[in-house]
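Residue numbers (the working numbering), protein chains in the order written: chain A, 0 to 208; chain E, 0 to 208.
Glycine is no exception: its CB is placed at the ideal position from the N, C-alpha and C atoms.
Have a look at the structure below before the remarks.
Number of protein chains: 2
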Amino acid sequence: MSASRSGAGPERTAAILQAATPAAWVEDALAHLPELLQDHANCEKKAASTALALMFAYPEDRALGAALSRLAREELRHFEQVTRAMSALAIAYIRQRPGRYAQGLRRAVRTSDPGRKLDLLLTGALIEARSAERFALLAPRVPAPLARLYTELAGAESRHFTVYLGFAQAAAPEQWQARLGSLAREEAQLATQPDALLRFHSGPLRATA
Amino acid sequence: MSASRSGAGPERTAAILQAATPAAWVEDALAHLPELLQDHANCEKKAASTALALMFAYPEDRALGAALSRLAREELRHFEQVTRAMSALAIAYIRQRPGRYAQGLRRAVRTSDPGRKLDLLLTGALIEARSAERFALLAPRVPAPLARLYTELAGAESRHFTVYLGFAQAAAPEQWQARLGSLAREEAQLATQPDALLRFHSGPLRATA
Chain A
0 MSASRSGAGP
10 ERTAAILQAA
20 TPAAWVEDAL
30 AHLPELLQDH
40 ANCEKKAAST
50 ALALMFAYPE
60 DRALGAALSR
70 LAREELRHFE
80 QVTRAMSALA
90 IAYIRQRPGR
100 YAQGLRRAVR
110 TSDPGRKLDL
120 LLTGALIEAR
130 SAERFALLAP
140 RVPAPLARLY
150 TELAGAESRH
160 FTVYLGFAQA
170 AAPEQWQARL
180 GSLAREEAQL
190 ATQPDALLRF
200 HSGPLRATA
Chain E
0 MSASRSGAGP
10 ERTAAILQAA
20 TPAAWVEDAL
30 AHLPELLQDH
40 ANCEKKAAST
50 ALALMFAYPE
60 DRALGAALSR
70 LAREELRHFE
80 QVTRAMSALA
90 IAYIRQRPGR
100 YAQGLRRAVR
110 TSDPGRKLDL
120 LLTGALIEAR
130 SAERFALLAP
140 RVPAPLARLY
150 TELAGAESRH
160 FTVYLGFAQA
170 AAPEQWQARL
180 GSLAREEAQL
190 ATQPDALLRF
200 HSGPLRATA
């Protein structure tokens with residue numbers, strides 16, 4: 000499924016986000032490339048493990064299981080690609096504590112079904128949409144071995160956004176839109192407010208005294 | 000990497016196992032094909048998630064991370080393949096409680112490093128070796144859509160065995176062999192003693208009164 004055929008180009012993913020990434024975040028990210036790439040690698044692993052967790056939680060949903068299995072395989076391939084790019088750029092492994100973004104979104108997810116499944120799918124869609132937006136912003140600015148990869152990843156994450164959103168719409172045809180609005184407000188705050196740590200999904204760095 | 004090039008054909012994987020699968024298990028498995036396939040599908044998901052857990056536990060080991068990411072992608076592809084075969088055979092989803100095998104092996108894994116990493120790699124190798132042995136035993140006996148898949152999986156799991164064993168040998172050149180012997184004894188018991196549930200890695204079914 001190509002991004003154009005599914006109608007999920009960057010314009011569609013951007014439409015779901017309630018705030019654009021601040022220009023300052025792009026500058027901060029480029030000024031902290033090793034931290035950005037290490038967090039990006041972690042995020043790809045985390046994206047695969049989140050998809051697997053959904054497969055374990057809803058094993059009876061075979062269509063979801065098959066779609067998420069393919070999605071997890073793509074995220075793992077991205078993990079391998081960004082790890083290779085780090086090696087090519089001679090960026091050593093950095094032990095990092097996670098940013099506040101994923102944890103903040105997780106807190107907004109309801110703890111029991113049917114609400115939980117919808118929330119997990121919608122937060123999945125939002126994370127993919129934000130990732131697609133940021134890869135597109137970074138692609139023209141990152142060093143050579145990354146530029147092409149980040150362009151490809153912008154397209155891949157747009158497709159993943161469509162996968163998650165499609166299952167969310169099917170799971171709750173009446174409710175997904177209102178719930179998406181509420182989760183997207185939360186997501187926009189997490190992605191735009193000044194942050195203490197530069198991460199792939201963080202806000203721009205807080206000015207230090 | 001092909002099984003023949005790496006020297007990890009079925010003969011190598013069989014050599015690590017301290018007991019062959021009892022003939023009775025093969026008959027029990029064929030008589031409980033839906034349960035077998037559902038458990039097989041679960042095992043492929045579990046194999047991917049176990050590989051991911053190792054990637055999260057040892058993120059600084061980039062060679063391990065890259066190898067396990069590829070391995071997890073293969074396991075996910077197997078999950079998709081067996082799920083499609085279940086649909087082709089009109090086998091509905093079955094909610095199953097897990098067998099005792101994985102839990103039994105997990106209990107044998109030490110809880111702190113450096114022993115823990117070695118044990119996780121060696122139990123990974125043992126599970127792949129047992130899987131390869133059983134796919135080879137089942138391949139000539141299962142219905143058409145599965146026969147070719149199970150032949151392929153026997154080869155794939157043999158390769159995975161080599162991956163896990165190679166990292167185990169590198170992690171503890173002096174200790175891996177003795178520790179493998181001890182874990183393999185545990186594994187052989189779990190895979191051969193009469194069992195209450197038919198599972199992919201269970202023993203043959205216990206005679207009921």
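Query - Reduced DSSP category for residue 273 of chain E - H, G, I as helix; E, B as strand; rest coil - result: Beyond the ends of chain E as shown, which are 0 and 208, falls residue 273 of chain E; an answer cannot be given.
Report task. With a 10 Å radius around its C-beta and 16 neighbouring C-beta atoms as the bar for buried, classify residue 26 of chain E as buried or exposed. Result -> To locate residue 26 of chain E, count along the second sequence from 1; it is residue 27. The residue is exposed, with fewer than 16 neighbouring Cβ atoms inside 10 Å.
Query raised in the report: What does residue 75 of chain E touch in chain A if you count any residue whose Cβ is under 7 Å from its own?
Result: Residue mapping note: residue 75 of chain E aligns to position 76 of the second sequence, counting from 1. Taking a Cβ-Cβ cut-off of 7 Å, the neighbours of residue 75 of chain E in chain A comprise 68, 71 and 72, given in sequence order.
Query raised in the report: Which of the residues in the region 159 to 174 of chain A, read from start to end, lie with their CB under 7 Å from any CB of chain E?
Result: none
**Report entry** Proximal residues of chain E, C-beta to C-beta of residue 61 of chain A below 9 Å
**Finding:** Position 62 of the first sequence holds residue 61 of chain A. Correct list: 82, 85, 86 and 92.
Requested in this report: Select from E:14, E:42, E:128 and E:157 the residue whose C-alpha is nearest the C-alpha of residue 99 of chain E.
Outcome: As a first step, residue 99 of chain E must be located in the second sequence, where it is residue number 100. Ranking the options by Cα distance to residue 99 of chain E, first place goes to E:42.
**Report entry** Local Cβ density within 10 Å of residue 82 of chain A, reported as buried at 16 or more and exposed below that
**Finding:** Start at 1 with the first residue of the first sequence, and residue 82 of chain A comes out as number 83. Buried is the call here.
Report task. Note down, in chain order, every chain E residue with its Cβ under 9 Å from the Cβ of residue 132 of chain A. Result -> Position 133 of the first sequence, counted from the first residue, corresponds to residue 132 of chain A. Chain E residues near residue 132 of chain A: none, gap ~25 Å exceeds 9 Å.
**Report entry** Identity of the residue in E:133, E:58 and E:73 nearest residue 68 of chain A by Cα
**Finding:** Start at 1 with the first residue of the first sequence, and residue 68 of chain A comes out as number 69. Minimum Cα distance to residue 68 of chain A is reached at E:73.
**Report entry** DSSP three-state assignment for residue 217 of chain E, whether helix, strand or coil
**Finding:** No statement about residue 217 of chain E is possible, as the shown extent of chain E runs from 0 to 208 and does not include it.
**Report entry** chain E contacts made by the region 37 to 66 of chain A, where a contact means CB separation under 8 Å
**Finding:** 41, 44, 47, 48, 51, 54, 55, 58, 59, 61, 64 and 65
Query raised in the report: Taking contact to mean at least 3 C-beta pairs separated by less than 8 Å, is the region 122 to 130 of chain A in contact with the region 156 to 165 of chain A?
Result: yes
**Report entry** Cβ shell of residue 183 of chain A (< 7 Å), same chain only, five flanking positions each side left out
**Finding:** As a position in the first sequence, residue 183 of chain A is number 184, starting the count at 1. 15, 16, 17 and 125.
Report task. List the residues that DSSP assigns as beta-bridge partners of residue 204 of chain E. Result -> One-based indexing of the second sequence puts residue 204 of chain E at position 205. Its beta-bridge partners are E:194.
Report task. Please state if the CB of residue 180 of chain A and the CB of residue 24 of chain A are separated by a distance shorter than 8 Å. Result -> In the first sequence, residue 24 of chain A corresponds to position 25, counting from 1. In the first sequence, residue 180 of chain A corresponds to position 181, counting from 1. No, these two residues do not count as a Cβ contact at 8 Å.
Report task. Establish whether the CB of residue 34 of chain A and some CB of chain C are separated by less than 8 Å. Result -> Going by chain labels, chain C is absent from the structure shown, which instead holds the protein chains A and E.
Query - Chain-order list of residues whose beta-carbon lies under 7 Å from that of residue 93 of chain E (same chain, five-residue window excluded) - result: Counted from its first residue, the second sequence places residue 93 of chain E at position 94. Once the five neighbours on either side are set aside, the close Cβ partners of residue 93 of chain E are 33, 34 and 37.
Query raised in the report: Under the three-state reduction of DSSP, which class applies to residue 88 of chain A: helix, strand or coil?
Result: Looking up residue 88 of chain A in the first sequence gives position 89. Reduced to three states, the DSSP call for residue 88 of chain A is coil.
Requested in this report: At 4 residues or longer, and completely inside the region 27 to 80 of chain A: list those alpha helix (DSSP H) runs for me, N to C.
Outcome: 32 to 56
Report task. Compare the C-beta of residue 78 of chain A against all C-beta atoms of chain E and say whether one is closer than 8 Å. Result -> As a position in the first sequence, residue 78 of chain A is number 79, starting the count at 1. Yes, its Cβ sits closer than 8 Å to a Cβ of chain E.
Query raised in the report: How about residue 148 of chain E and residue 89 of chain E: are their beta carbons less than 8 Å apart?
Result: Indexing the second sequence from 1 puts residue 148 of chain E at position 149. Indexing the second sequence from 1 puts residue 89 of chain E at position 90. Cβ atoms of residue 148 of chain E and residue 89 of chain E: not closer than 8 Å.
Query raised in the report: Nearest CA to the CA of residue 97 of chain E: which residue from E:71, E:44 and E:60?
Result: As a first step, residue 97 of chain E must be located in the second sequence, where it is residue number 98. Measuring from the Cα of residue 97 of chain E, the nearest candidate turns out to be E:44.
Query raised in the report: Excluding sequence positions up to five away, which residues of its chain have a Cβ less than 6 Å from the Cβ of residue 105 of chain A?
Result: Residue numbering aside, residue 105 of chain A sits at position 106 when the first sequence is read from its first letter. Excluding residues within five positions, none has a Cβ falling inside 6 Å.
**Report entry** Through-space distance from residue 80 of chain E to residue 65 of chain A, alpha-carbon basis
**Finding:** Within the first sequence, the letter at position 66 stands for residue 65 of chain A. Within the second sequence, the letter at position 81 stands for residue 80 of chain E. Answer to the nearest angstrom: the Cα atoms are 9 Å apart.
Query raised in the report: Using the beta-carbon count (16 or more within 10 Å), is residue 207 of chain E buried or exposed?
Result: Taking the first residue of the second sequence as 1, we reach residue 207 of chain E at position 208. With fewer than 16 other Cβ atoms within 10 Å, it is exposed.
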